[in-house]
Amino acid sequence: SQTIHQWPATLVQPVGSPLSLECTVEGTSNPNLYWYRQAAGRGLQLLFYSVGIGQISSEVPQNLSASRPQDRQFILSSKKLLLSDSGFYLCAWTRTNEKLFFGSGTQLSVL
Amino acid sequence: DAKTTQPTSMDCAEGRAANLPCNHSTISGNEYVYWYRQIHSQGPQYIIHGLKNNETNEMASLIITEDRKSSTLILPHATLRDTAVYYCIVRVPNGGSQGNLIFGKGTKLSVKP
């Protein structure tokens, strides 16, 4: 069966520090991969999606970047975090483009 | 922007059916209606989806009006564990940006004992 792993679960980082969140999917190949963010009290916002290795599409301009170095690995990064980067980050995947499967999320607090 | 309209919140008594409405008056012919839910501090969970026929699975039923401009998610016997934010989403199920989920604010369902 397919599983998605996302870590860390919680993260507290100072303003200006770098960020790296990792997401991996097991049990499937060539998935579409997604990064979403949910700010406190707000809905989910699609940040990036990828349909293959090295292929990244950005949905909104921002302080973050994404990379897909391997088929089932998706990384969210920042060189210098801003206060506004705080939020709940979710990785998701789909193989059939019908159902999206989400990870358990990372709660990021930038102080 | 989300292409759906949902009530901000709803209450339901435990054991009763929960009926969550969604308006999607601008839905196009190839867009499906999807429902997800998000329990606090967890990732969203897929519930059900449909094009024009009513659908049922082990979690819920989806009733889509004949003109497809609205739909209702039905949880037949709500439990306390069904308390969550429920998202109604319309999308084209293919690759690329057209197929990506756009979440609105959803309906906060509170199931009360």
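Chains as they are written, first to last, in the working numbering: chain A, 1 to 111; chain B, 1 to 113. We put the beta carbon where it would ideally sit given N, CA and C, even for glycine. All values derive from a computational prediction rather than experimental measurement.
In the structure shown, what three-state DSSP assignment does residue 11 of chain B receive? On the second sequence, residue 11 of chain B is found 11 positions in, with the first residue counted as 1. In the three-state reduction of the DSSP assignment, residue 11 of chain B falls in the strand class.
Consider the Cβ of residue 23 of chain B: report whether some Cβ of chain A lies at a distance smaller than 8 Å. The count along the second sequence starts at 1 and reaches residue 23 of chain B at position 23. Not one chain A Cβ lies under 8 Å of residue 23 of chain B.
Between which two residues does the beta strand (DSSP E) carrying residue 53 of chain A extend? By 1-based counting over the first sequence, the position of residue 53 of chain A is 53. It is not in any beta strand (DSSP E) - residue 53 of chain A carries neither H nor E in the DSSP assignment.
Using the Cβ count rule (16 or more neighbours within 10 Å means buried), how would you classify residue 20 of chain B? For this step, residue 20 of chain B is matched to residue 20 along the second sequence. Residue 20 of chain B comes out buried.
Limits of the beta strand (DSSP E) - the one that residue 64 of chain B falls within: In the second sequence, the residue the question calls residue 64 of chain B occupies position 64. Segment 61-64, the beta strand (DSSP E) holding residue 64 of chain B.
On a CA-only basis, which of A:31, A:19, A:67 is nearest residue 96 of chain A? Give me that one, please. By 1-based counting over the first sequence, the position of residue 96 of chain A is 96. Nearest of A:31, A:19, A:67 to residue 96 of chain A, Cα basis: A:31.
Return yes when the Cβ of residue 31 of chain B is within less than 8 Å of the Cβ of residue 92 of chain B, no when it is not. To locate residue 92 of chain B, count along the second sequence from 1; it is residue 92. To locate residue 31 of chain B, count along the second sequence from 1; it is residue 31. For residue 92 of chain B and residue 31 of chain B, yes; Cβs fall inside 8 Å.
Contact check, residue 112 of chain B vs residue 85 of chain B, beta carbons under 8 Å: Start at 1 with the first residue of the second sequence, and residue 112 of chain B comes out as number 112. Start at 1 with the first residue of the second sequence, and residue 85 of chain B comes out as number 85. No, the Cβ-Cβ distance between residue 112 of chain B and residue 85 of chain B is not below 8 Å.
At the 8 Å Cβ level, is residue 86 of chain B part of the contact set with chain A, yes or no? Here residue 86 of chain B is taken as the residue at index 86 of the second sequence, counted from 1. It does not: the Cβ of residue 86 of chain B has no partner Cβ on chain A nearer than 8 Å.
On the DSSP bridge assignment, give the partners of residue 45 of chain A in chain order. Translated into the one-based positions of the first sequence, residue 45 of chain A becomes position 45. A:37, per the DSSP bridge assignment.
Distance check for residue 103 of chain A and residue 24 of chain A, CA to CA, integer angstroms please. Looking up residue 24 of chain A in the first sequence gives position 24. Looking up residue 103 of chain A in the first sequence gives position 103. Looking at the two C-alpha atoms, the distance is approximately 9 Å.
For the structure I just gave you, are there three or more beta carbon pairs, one from the segment 66-86 of chain A and one from the segment 8-17 of chain B, closer than 8 Å? Three or more Cβ pairs closer than 8 Å define a contact, and the segment 66-86 of chain A falls short of that threshold against the segment 8-17 of chain B.
Please look up how many angstroms separate the CB atoms of residue 27 of chain A and residue 62 of chain A, rounded, as I've assumed it's under 8 Å. Position 27 of the first sequence, counting from 1, holds the residue named residue 27 of chain A. Position 62 of the first sequence, counting from 1, holds the residue named residue 62 of chain A. Not a contact, Cβ separation roughly 31 Å.
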